[in-house]
Amino acid sequence: MGHGSSKEDDYSSSSSSDADTKPSRISRLKQRLRLHRHRHHRTRGSSSQQKLNAAEDFAGIALLTLINAEMKFKDKWLACVSFGEQTFRTNISDQTDKPNWNCERKLLLERNGPRVARISVFETNRLSKNNLIGYCDINLLDYLARDSDSDCEAFDLLDPVSSDVVVGRICLSCNVEDPIETEKNFARRILSIVDYNEDGMLSMSEFSDLINAFGNNVAASKKEELFKAADKNGDSVVSMDELAALLALQQEKEPIMNCCPVCGEIVEVSDKLNTVIHLTLCFDEGTGNQVMTGGFLTENQASYGWMFKLSEWAHFSSYDVGLNSGSSASHILVFDRKTKRLVEELIDAKIVLSMRAIYQSKIGLGLMDKGAKEILQSISERQGRQMNSVESAKDILKFVEFFKDQINMAEVKYPLDHFKTFNEFFVRELKPGARPIASLEHDDVAVCAADSRLMAFKSVQDSLRLWIKGRKFSIQGLLGKETCSSAFIDGTLVIFRLAPQDYHRFHFPVSGTVEQFVNIPGSLYTVNPIAVNSKYCNVFTENKRVVSIISTAEFGKVAFVAIGATMVGSITFVKKEGDVVKKGDEFGYFSFGG
Amino acid sequence: STVICVFEKDAIKVDDDLLANSGRSLETLVSVGMTLGVSTKKPAGAEL
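These protein sequence lines map, in sequence, to chains A and B. Note that the working numbering has the first sequence beginning at 1, numbered continuously upward. Note that the working numbering has the second sequence beginning at 1, numbered continuously upward.
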């Protein structure tokens, strides 16, 4: 079960006969990565980029084992591994300053997929939420490609409050399963599932069940044909080796695995190895082969105390993220494009409750019609006045402290004492170069217009199906009669949602000429997904907004809509009609006010 | 607050990762200046 002896188990189960004579899996992988690098060396000369190329090409299963840690005080500890969209946690250690977990987990290393695993160590509390004590980020490919022959390595655990303080050390190991072994193991696993009489062979009827399980509805005659093709030695049964050969060969010619029998996901025909890896990991779920507990999306979820245990049967599949949890929980999950990790955007539970009460019920929206709109307008105006007062400056430090891991003061143009009011800080500028503009010299590449949470849809129909649930949403409604043209009607929609801690200035996504500005008065509903996902609320078409049209050579006309929201309802532009602009130039900002 | 950009039909090919996340109702955390997509319009004279 993965406690120390798992590596030996793996060897014996995959190739026990020749395990003694062949080099270990680890050394073979290292050799493979090195050979890959040498090949690049010879053909293209030497550079660090070549190592990166080799690493980026790599795909496979990595077996990560969290062995133990040395902490600076005694407690009951648990560790989490966050990798891509998944987070796994170990069991909880005894009361000690040297927790020993020895927990392992298979992780999928995909081409162009995440590479960096975050390991977080928590002290546990019986009742409340566990506390994060230390963390480290490990690039698994760098780790796997290193020259060390040691099976495990220790890493410093950094203090989440101050990353230059070391709070402990964690020892871990990581190996890669050879893709050929992955395929063989996979064939063995699926064979055992449909091998009802457990003779290690597949009869015709067992083989037929297997093909069905792959979502393949080929005719009986075709199944017989496949069976005969697999049965190389003609003994009327298919062995593990024969099945492995069939899966390898057939999947390239005419795929027989169309969907994963475990999770139902449609598999990518063009990438056989990834398919096998996906199915292997899926088969492993719940079998006890994986020692770490999975099914969590972020380290926060994985670290919840007993309260989380009450709901651990409610399995989060990767398709439950976003919309559903956005409207049913006190956090919203967002995918960080830079780190390729899921992160939680926490919202105060009271705010969530009130937003749900208001925005997701007919009664709540009925209240809106009976004066609440005016209240939102009035509190936004009042907030604007307050945030423009000199007294508001005292809140800046508290705000920065609260969002300390999300506001990088090093990239802000002026020091904190420069800001005389909170609103001044809210619309802070960044140092030149703090936001590099992609393909600056290529105007045919559009860029993101704001530090934000982005949603993009090819058409308004897609946006309505997946995100905007307001029944009255339409492009005409969003842009207004004056600026809406037929070319926009079925156009591409990109939504940039700013959160309070974000840099609040917005920039041009494209180069061109600013043609016109149209002010559209309206309400100041929240633009939080809770409201956007409500069928009763039409945030984007009812809120106060300014529509501008940018005329470009590469993209035709682009409509840029700045939408105000509760409290942050003031929209200011730093460009005017007729200005010629370059993508990445500052366009304007949102600030507190009505 | 929110910014919405509307591009004309078939004027832009948005980056696949952004579309894939959105297709799962999952927002993507981005920064100013990150790539959004490329123009699908042929530059003038491209057919010459």
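In this text, a Cβ means the ideal position worked out from N, Cα and C, and glycines have one as well. Since we're looking at a predicted model, the values are computed, not measured.
Around the beta-carbon of A:Gln461, fewer than 16 other beta-carbon atoms lie within 10 Å, marking it exposed. Contacts between A:Pro436 and chain B, judged by CB atoms closer than 7 Å, involve Gly33 in chain order.
Taking 7 Å as the Cβ-Cβ cut-off, the segment 548–577 of chain A approaches chain B at Glu554, Phe555, Gly556, Lys557, Val558, Ala559, Phe560, Val561, Ala562, Ile563, Gly564, Ala565 and Val568, given in chain order.
As computed with DSSP, A:Met257 is found in no beta bridge at all. As the crow flies, the alpha-carbon of A:Ser236 is around 16 Å from that of A:Ala245. With the criterion set as a beta carbon lying under 8 Å from some beta carbon of chain A, the members of the segment 17–30 of chain B are Asp17, Leu18, Leu19, Asn21, Ser22, Gly23, Arg24, Ser25, Leu26, Glu27, Thr28, Leu29 and Val30, in sequence order.
In this structure, A:Leu478 is the residue among A:Ser523, A:Leu478 and A:Thr552 with its C-alpha nearest to the C-alpha of B:Val3.
Annotation: the segment 430–507 of chain A contains the following complete segments of the beta strand (DSSP E) (minimum length 3 residues), in chain order: 445–447, 452–457, 492–497 and 505–507. Under the Cβ criterion (8 Å, minimum of three pairs), the segment 522–532 of chain A does not count as touching the segment 433–441 of chain A. In chain order, Glu27, Thr28, Leu29 and Val30 make up the part of chain B whose C-beta sits under 9 Å from the C-beta of A:Arg453. In this structure, DSSP gives A:Asn112 a state outside helix and strand, which the three-state scheme calls coil. Membership of A:Tyr135 in the beta strand (DSSP E) is indicated by the continuous run Asn131 to Asn139.
For A:Asp490, the closest Cβ of chain B is nearer than 9 Å.
A direct Cα-to-Cα measurement between A:Ala553 and A:Ala456 gives close to 22 Å. Interface flag for A:Val412 against chain B is unset, since no Cβ pair is found closer than 9 Å. According to the DSSP secondary-structure assignment, A:Tyr143 is paired through a beta bridge with no residue. For A:Ala531, there are no C-beta contacts with chain B under 9 Å, since the nearest C-beta of that chain is about 11 Å from it. B:Lys9 places its beta carbon less than 9 Å from that of A:Gly491. Beta bridge pairing from DSSP links A:Cys174 with A:Leu64.
Within chain B, the residues Leu29 have their CB atoms less than 7 Å from the CB of A:Asp336, given in chain order.
Cβ neighbours of A:Leu243 within its own chain (closer than 7 Å, five residues either side excluded): Ala187, Leu191, Leu202 and Ala230. Taking the Cα of A:Ser534 as reference, the smallest distance to any Cα among A:Leu466, A:Phe488, A:Lys575 and A:Glu381 is reached at A:Leu466. In the DSSP secondary-structure assignment, B:Lys13 is bridged to B:Val38. By DSSP's assignment, A:Val518 forms a beta bridge with A:Val547.
DSSP places A:Arg337 outside both helix and strand once states are collapsed to three, so it counts as coil. In its chain, beyond the 5 residues on either side, Gly588 have a beta carbon closer than 6 Å to the beta carbon of A:Phe573. Counting only residues of its own chain and dropping the five nearest sequence neighbours on each side, A:Phe425 has a CB closer than 7 Å to the CB of Ile396 and Phe419. For the C-beta of A:Gly584, the chain B residues within less than 8 Å are, from N- to C-terminus, Val32 and Gly33. Looking from the CA of A:Val581, the closest CA among A:Ile549, A:Ser591, A:Ala562 and A:Gly593 belongs to A:Ile549. Using a Cβ-Cβ cut-off of 9 Å, A:Phe186 is close to nothing in chain B; its nearest Cβ partner there is about 26 Å away. In this structure, the straight-line span from the alpha carbon of B:Ser25 to that of A:Leu342 is close to 13 Å. A:Val167 sits close to A:Lys72, with the two beta carbons spaced by under 9 Å. Counting only runs that start and end inside the segment 195–244 of chain A, the alpha helix (DSSP H) elements of at least 4 residues fall at 204–213 and 220–230. Under DSSP, A:Asn100 shares a beta bridge with A:Asn68. Close partners of A:Asp444 in chain B (Cβ separation under 7 Å): Val38 and Ser39.
With a threshold of 9 Å between beta carbons, A:Ile495 makes contact with chain B.
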